[in-house]
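As structure tokens, the structure follows; a few thoughts come after it.
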Amino acid sequence: MELLYNPNNKESVLEYAKRLKNISLRQACTPEVLEHSYLGKGNFGQVIEKFYFGYDPNSKAEADFSQIGLELKTSPLKLLKNNEYRSKERLVLSIINYFKVVDENFEDSDVIKKNSNILLVFYLYEKGVDILDLVIKLVDEWNIPQTDLEIIKRDWEIIKNKIVAGRAHELSEGDTFYLGACTKGANASTIKMQPNSTLPAKQRAFSFKQGYVNHIIATISKGSNEVYGKLIDSIDTVKKATIEEIVISKFEPYYELTTIDIEKVLNINLNKKAKNYYANLTKAILGVELDKEIEEFEKAEINVKTVRLKSNNTPKEDISFSNFKFEQIVLEEWDESNFKDILEHKFLFVFFQIENDKLILKKVKFWNMPYGDILEAQKVWEKTKQIVADGNIVKEVINGKRRTNFLSKTLNKVSHVRPHAINANDTYPLPVEDKLTGLKKYTKHCFWLNSSYVRDEIYLK
DNA sequence: GCATGATCATGC
DNA sequence: GCATGATCATGC
344 MELLYNPNNK
354 ESVLEYAKRL
364 KNISLRQACT
374 PEVLEHSYLG
384 KGNFGQVIEK
394 FYFGYDPNSK
404 AEADFSQIGL
414 ELKTSPLKLL
424 KNNEYRSKER
434 LVLSIINYFK
444 VVDENFEDSD
454 VIKKNSNILL
464 VFYLYEKGVD
474 ILDLVIKLVD
484 EWNIPQTDLE
494 IIKRDWEIIK
504 NKIVAGRAHE
514 LSEGDTFYLG
524 ACTKGANAST
534 IKMQPNSTLP
544 AKQRAFSFKQ
554 GYVNHIIATI
564 SKGSNEVYGK
574 LIDSIDTVKK
584 ATIEEIVISK
594 FEPYYELTTI
604 DIEKVLNINL
614 NKKAKNYYAN
624 LTKAILGVEL
634 DKEIEEFEKA
644 EINVKTVRLK
654 SNNTPKEDIS
664 FSNFKFEQIV
674 LEEWDESNFK
684 DILEHKFLFV
694 FFQIENDKLI
704 LKKVKFWNMP
714 YGDILEAQKV
724 WEKTKQIVAD
734 GNIVKEVING
744 KRRTNFLSKT
754 LNKVSHVRPH
764 AINANDTYPL
774 PVEDKLTGLK
784 KYTKHCFWLN
794 SSYVRDEIYL
804 K
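Here the first sequence is numbered in my numbering, starting from 344 and rising by one per residue.
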């Protein structure tokens with residue numbers, strides 16, 4: 344096929360690529376596209392490469408437009424109710440070769456050589472629609488900014504070091520900030536050998552986290568970042584310290600102060616009853632305007648949890664997550680479950696201790712769940728799924744009070760399942776009617792992190 | 001004092 | 001109306 348652009352000239356490639364905006368593949372591609380069956384996930388990119396740019400899809404170590412070092416990536420968008428675009432997924436860069444990466448330097452690594460300059464084609468995903476009819480919405484190039492590159496370099500080294508240590512099977516996206524090691528394969532059980540351990544590991548790929556892709560989208564669609572407040576203002580800052588160190592150094596001056604005194608020192612007056620009081624206090628300490636999101640936290644999808652400790656260092660309450668839907672959990676597998684997804688995020692814990700009705704800031708800690716504990720949480724999830732699938736929720740009813748078979752906190756060191764609802768009538772439908780009571784819907788429940796676990800494995804460690 | 005079930009308050 | 005973070009009530 345004759346090329347309608349010059350593959351050795353970046354301006355030409357970009358100009359040609361941008362013609363894709365607001366049209367579908369059916370409108371953009373050569374007619375031969377109709378003779379091929381490229382339906383299904385993951386084929387959008389292949390169709391564009393073959394029937395628009397006119398080269399055969401490859402998985403070479405070098406960039407797709409090798410002469411100009413430009414790599415083509417296509418990725419789905421979703422549209423929010425406020426008409427803003429967000430990434431539907433993380434952006435997969437390239438498969439991690441466990442045996443090769445252990446001998447690489449970041450600067451010369453395959454993933455960086457191939458992906459430092461990317462041509463991004465974002466299309467709007469719609470469920471059930473033929474990929475040929477999905478409309479392309481954003482097309483632009485992306486160069487990793489220098490400040491991000493420093494973070495990504497540390498991320499890459501964290502991943503590499505874990506593989507060097509023979510712990511490829513323990514990799515988690517929560518280990519890192521912007522660059523994640525996501526599972527990648529025909530299914531989650533695609534496994535590979537690793538160099539320094541006999542244990543097999545899931546196949547994984549380097550990827551930009553969904554939050555990082557959202558930032559790319561905001562940048563190329565608006566050309567500015569007005570919704571973000573930054574922690575990292577210069578390349579110097581990020582060269583000298585990690586995100587953890589920067590955040591902790593901003594909190595440390597306030598350790599052992601009450602929330603009242605922190606507000607005084609910061610010269611602010613926050614609404615203590617507001618639901619986002621602690622989020623606002625965190626922003627104020629970090630020097631971020633209250634109406635803006637913390638850029639680095641959004642990009643890294645950091646989950647901030649505020650914890651109030653009793654005098655014995657045990658959190659006053661367990662930590663809740665989103666409710667799960669009974670009908671959904673019975674259809675899910677652990678590897679694709681919402682609970683596993685959230686546990687593979689990075690968390691920032693802000694610990695206060697209750698003393699004489701006042702809250703004293705004790706410390707902040709970045710944390711992500713260790714592999715072994717994720718396996719413990721998986722047990723709770725699997726058991727919960729089984730109980731719901733069996734219609735076996737209610738164990739007994741005594742004096743009109745129901746007791747359930749869901750795992751309680753005495754049975755697992757990490758997590759338990761408890762109600763999380765407005766009241767007992769705030770329910771989700773059950774996929775299988777409850778055997779003992781005949782109920783067809785049940786009070787909303789969620790997974791909780793045990794307060795004792797938070798104390799022993801996060802606060803005291 | 002804690003485990004478990006239940007509920008409240010705020011904001012979008 | 002619901003999600004989310006926070007808190008309460010009861011019984012052992």
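From the three backbone atoms N, C-alpha and C, an ideal C-beta is built for every residue, glycine too.
Bear in mind the structure is a predicted one, so any value in this text is a computation, not a measurement.
Does residue i come out as helix, strand or coil in the three-state DSSP assignment?
i, result
"I479", "strand"
"P762", "strand"
"E776", "coil"
"A548", "strand"
"F640", "helix"
"S532", "coil"
"T657", "coil"
"V673", "coil"
"V507", "helix"
"E405", "coil"
"I501", "helix"
"Y796", "helix"
"P543", "strand"
"F682", "helix"
"F449", "coil"
"N610", "coil"
"E484", "strand"
For a quick check, are the C-beta atoms of residue i and residue j less than 8 Å apart?
i, j, result
"S564", "Y428", "yes"
"L420", "S430", "yes"
"Y796", "L652", "no"
"S758", "V707", "no"
"F669", "Y771", "yes"
"K689", "N711", "yes"
"Y521", "F551", "yes"
"W485", "I461", "yes"
"E698", "S794", "no"
"L704", "E599", "yes"
"N386", "I479", "no"
"Q537", "I506", "yes"
"K361", "V435", "no"
"N748", "I730", "yes"
Below 6 Å CB to CB, which residues in the same chain sit around residue i once its five sequence neighbours on both sides are set aside?
i, result
"G388", "T417"
"E776", "G734, K783"
"L492", "none"
"K626", "L633"
"N623", "L613, L633"
"I559", "W485"
"L577", "Note on residue identity: the sequence assigns Ser, not Leu, to residue 577. Result list for S577: empty, nothing under 6 Å."
Considering just the uninterrupted stretch of the alpha helix (DSSP H) at residue i, what are its terminal residues?
i, result
"V723", "714-732"
"L750", "It is not in any alpha helix (DSSP H) - L750 carries neither H nor E in the DSSP assignment."
"V444", "441-444"
Within 10 angstroms of its Cβ, does residue i collect 16 or more other Cβ (buried), or is it exposed?
i, result
"A767", "exposed"
"A720", "buried"
"V556", "buried"
"V693", "buried"
"L542", "exposed"
"A511", "buried"
"E676", "exposed"
"L463", "buried"
"K804", "exposed"
"F442", "exposed"
"G471", "exposed"
"S515", "buried"
"L346", "exposed"
I need the boundaries of the beta strand (DSSP E) containing residue i, first residue and last residue.
i, result
"E739", "737-741"
"Q553", "From DSSP, Q553 is part of no beta strand (DSSP E) but of the alpha helix (DSSP H) over 553-565."
"Q410", "Taken as a continuous stretch (DSSP letters only), Q410 belongs to no beta strand (DSSP E), as it is neither H nor E."
"I662", "662-667"
"K744", "744-747"
"V707", "701-710"
"Y785", "784-786"
"F692", "690-698"
"Q369", "With the sequence shown as reference, residue 369 is identified as Arg, and Gln is not the correct amino acid for it. Unbroken run through R369 is the alpha helix (DSSP H), 368-371; no beta strand (DSSP E)."
"S430", "428-430"
Taking 7 Å as the cut-off, is the beta-carbon of residue i closer than that to any non-hydrogen atom of the ligand GDP?
i, result
"D799", "Looking for the ligand GDP in the displayed structure turns up nothing, as the structure carries no ligands at all."
Among the residues of its own chain, which have a CB less than 7 Å from the CB of residue i, if the five just before and after it don't count?
i, result
"Q553", "S430, E432, R433, E644"
"I501", "D518, T519"
"S751", "H759"
"S663", "H763, C789, W791"
With a threshold of 8 Å on Cβ separation, who are the neighbours of residue i within its own chain once the five nearest residues in sequence on each side are excluded?
i, result
"K787", "N666, P762, H763, A764, D769, T770, Y771"
"S680", "I672, W724"
"I628", "K593, F594, Y597, I605, L609"
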